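Chemist:
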Amino acid sequence: MARFTLPRDLYFGKNAMAELKCLKGYKKAMIVTGGTSMQKFGFLKRLEDILKEAGLAVKIFEGVEPDPSVETVMAGAKAMQEFGPDVIVSIGGGSPIDAAKAMWVFYEYPELTFEDIKTPFSMPKLRKKAIFVAIPSTSGTATEVTAFSVITDYSTKIKYPLADFEITPDIAILDSSIPVTMPPKLVAHTGMDALTHAIEAYVASARSRFSDPLALEAISLCFDYLLDSYHGNEEARGEMHIAQCLAGMAFSNALLGITHSLAHKIGAQYEIPHGCCNAILLPYVIQYNSASCLKEYAAIAKRLALPGATDKQLVNSLIDAITALNAKLNIAPTLKEHGVSVEQFQATVDFIAENAALDPCTGSNPRPATPVELKKILECAFDGRPVNF
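Using our numbering, the first residue of the sequence shown is number 168, and each one after it goes up by one.
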């Protein structure tokens, strides 16, 4: 039996955060955030005021770092246990929302360890103590509508994508006044993350007639609006906020593939932002996967009105279009051009490939991939060679 799960409520548009004034019947709210940008632009204070207006006592847990650690998750869970919220609200990029999801699990089940929840779809029932509200500030991860959370174990330098429908937020707030504050580089990286989500969802093993239309619409919107969003167009910023959410709805149910498996492991080793890793890898992975899903990639190219008389020509056009978009976003096409030295690559490539093979996203990739194939893809992405195996 297949399943399709989304948040119960999704509010979107300018100043959508104000809808939380209607959050009645709750007593305490814990806000989880990275802090700096949300404070700088006044969004954190605005959220706090809205929750207080709704009659809730509020406590703030700040300082969630990019690529949140197991230690931060446990510290946040402890703060929740001390405060006892019945509403958890996370505002910020993917990192604080992902961290808050994991904190939520350990708040409700303090006896569990991180090892207990690493296996996909093995989490216990939540919402015994609190509901979860997610307010994204960036337009890429879509964690506000997904069943995923990525947490980094810095002792092993491995990112773990936690997965369970239990951590799908109850309420998602897409307030389009927030992403207009993003700097261009962040727009580029998060936008390419969204595009990768949508493309991988459209070819993933768990895709369905429910996820496919969401994925295609997200892909179309990304190609229409990402470049304008990068150049600061406010309307385009709002459209990309919607696009990344549609992509999230698709991949949370259809799952992902080896672009993400590799990006999870590369990011921890080379300190390249996650969305940038996806942007680099995506053309190479499409080349690899096209042996198994040529027609699906060709369908994407047709939706984008790209040239091609055959499926193979259409797929080549899709790869060229992604490569050209990366160039316009100032994202170089190889790992070498992002500062990874030959020595560093050779010392880590086997470790990355072996751990990427174990990543949950690898199981839903349309073409099977062992550490051998994953290493070859990495070698191509390192210095720009085509994937022809």
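Note that beta-carbon positions come from the ideal geometry of N, C-alpha and C, so glycine has one too. Quick caveat, the model's predicted, so the values are computed rather than measured.
Considering only residues of the same chain and omitting the five flanking positions on each side of Ile345, which have a CB-CB separation below 7 Å?
Modeler: The answer, listed in chain order, is Phe210 and Ser304.
Chemist: Three-state secondary structure (DSSP) at Leu190?
Modeler: Looking at Leu190 - three-state DSSP - the assignment turns out to be coil, as it is neither helix nor strand.
Chemist: Suppose the cutoff is 6 Å on Cβ atoms and the five residues either side in sequence are ignored; what does the same chain contact list for Pro535 look like?
Modeler: Within the same chain, Pro535 has no close Cβ partners at all.
Chemist: In terms of residues, what are the limits of the beta strand (DSSP E) holding Phe228?
Modeler: Where Phe228 is concerned, the enclosing beta strand (DSSP E) stretches over Ala224 to Phe228.
Chemist: Thinking just about the alpha-carbon of each residue, which of Ile409, Arg470, Ile340 and Gly434 is nearest to the one in Phe299?
Modeler: Answer by Cα proximity: Ile340.
Chemist: For Thr490, I'd like the list of residues in its chain whose CB is within less than 7 Å of its CB, leaving aside the five on either flank, ordered along the chain.
Modeler: So the list reads Pro450 and Pro500, once near-sequence residues are dropped.
Chemist: Please classify Glu406: is it buried, with 16 or more other beta-carbons within 10 angstroms of its beta-carbon, or exposed?
Modeler: Glu406 is buried by the Cβ-count criterion.
Chemist: Can you tell me which of Ser375, Ala430 and Leu394 puts its alpha carbon nearest to the alpha carbon of Ala169?
Modeler: The option with the nearest alpha carbon to Ala169 is Ser375.
Chemist: On a CA-only basis, which of Asn483, Pro538 and His505 is nearest Cys443? Give me that one, please.
Modeler: Cys443 has its Cα closest to that of His505, out of Asn483, Pro538 and His505.
Chemist: How about the segment 409–429 and the segment 360–373: do they share at least three Cβ pairs that are nearer than 8 Å?
Modeler: A contact exists between the segment 409–429 and the segment 360–373.
Chemist: Among Leu448, Asp487 and Met241, which has the Cα closest to the Cα of Lys503?
Modeler: Minimum Cα distance to Lys503 is reached at Leu448.
Chemist: Note the first and the last residue of the continuous alpha helix (DSSP H) segment covering Ile489.
Modeler: Here the alpha helix (DSSP H) through Ile489 covers Asp478 to Lys495.
Chemist: My output table needs one value for Ile302: the three-state DSSP class, helix, strand or coil.
Modeler: If DSSP states are grouped into helix, strand and coil, Ile302 belongs with the strands.
Chemist: Determine the closest residue to Pro174 out of Leu218, Thr310 and Lys188, with distance taken between C-alpha atoms.
Modeler: Looking at the Cα atoms, Thr310 is the closest of the given residues.
Chemist: In the segment 384–453, which residue ranges form an unbroken beta strand (DSSP E) of at least 3 residues, counting only runs that do not cross its ends?
Modeler: List check, beta strand (DSSP E) in window: nothing returned.
Chemist: For the putative contact between Met247 and Met290, defined by C-beta atoms under 8 Å, what is the C-beta separation to the nearest angstrom?
Modeler: Rounded, the Cβ-Cβ distance is 16 Å, inconsistent with contact.
Chemist: Anyone know if the C-beta pair for Pro533 and Glu521 falls short of 8 Å?
Modeler: No, the Cβ-Cβ distance between Pro533 and Glu521 is not below 8 Å.
Chemist: Considering Leu341, what are the terminal residues of the beta strand (DSSP E) in which it resides?
Modeler: Per DSSP, Leu341 belongs to the beta strand (DSSP E) from Ile338 to Asp342.
Chemist: Between the segment 419–434 and the segment 386–399, are three or more C-beta pairs nearer than 8 Å?
Modeler: Verdict: no, contact absent.
Chemist: Rounded to whole angstroms, what is the Cα-Cα separation between Asp331 and Ala267?
Modeler: One C-alpha to the other measures close to 14 Å.
Chemist: So Ile519 packs on Gln436, CB below 8 Å; how close in whole Å?
Modeler: Contact flag correct, Cβ pair sits at about 6 Å.
Chemist: Secondary structure at Asp587, three-state DSSP: helix, strand or coil?
Modeler: The first residue shown for the chain is 168 and the last is 556, placing residue 587 beyond what the model contains.
Chemist: Answer with buried or exposed for Ser204, where buried requires no fewer than 16 other C-beta atoms within 10 angstroms of its C-beta.
Modeler: Result: buried.
Chemist: May I have the straight-line CA-CA distance separating Asp526 from Leu541, to the nearest angstrom?
Modeler: Distance between the alpha carbons of Asp526 and Leu541: 12 Å.
Chemist: DSSP three-state label for Phe208, please.
Modeler: Three-state DSSP puts Phe208 in coil, outside helix and strand.
Chemist: Can you name the residues that DSSP bridges to Ile325?
Modeler: Paired residues: Asp320.
Chemist: What's the gap between the Cα of Pro277 and the Cα of Gly180?
Modeler: If I take the Cα positions, the gap works out to 37 Å.
Chemist: Give me the Cβ distance between Ala446 and Asn493, rounded to the nearest whole Å; I'm assuming they're in contact under 8 Å.
Modeler: Between Asn493 and Ala446 the Cβ distance is about 5 Å, and since that is below 8 Å, they are a contact.
Chemist: Taking the alpha-carbon positions, what's the Leu485 to Gly307 distance?
Modeler: Those two C-alpha atoms are separated by around 20 Å.
Chemist: Considering only C-alpha positions, which residue in the set Glu510, Met349 and Gly251 is nearest to Lys153?
Modeler: The question about residue 153 has no answer here: the residues shown for the chain are numbered 168 through 556.
Chemist: Buried or exposed for Pro553, please, with buried defined as at least 16 other CB atoms from any protein chain shown within 10 angstroms of its CB.
Modeler: Looking at its Cβ environment, which holds fewer than 16 other Cβ atoms inside 10 Å, Pro553 is exposed.
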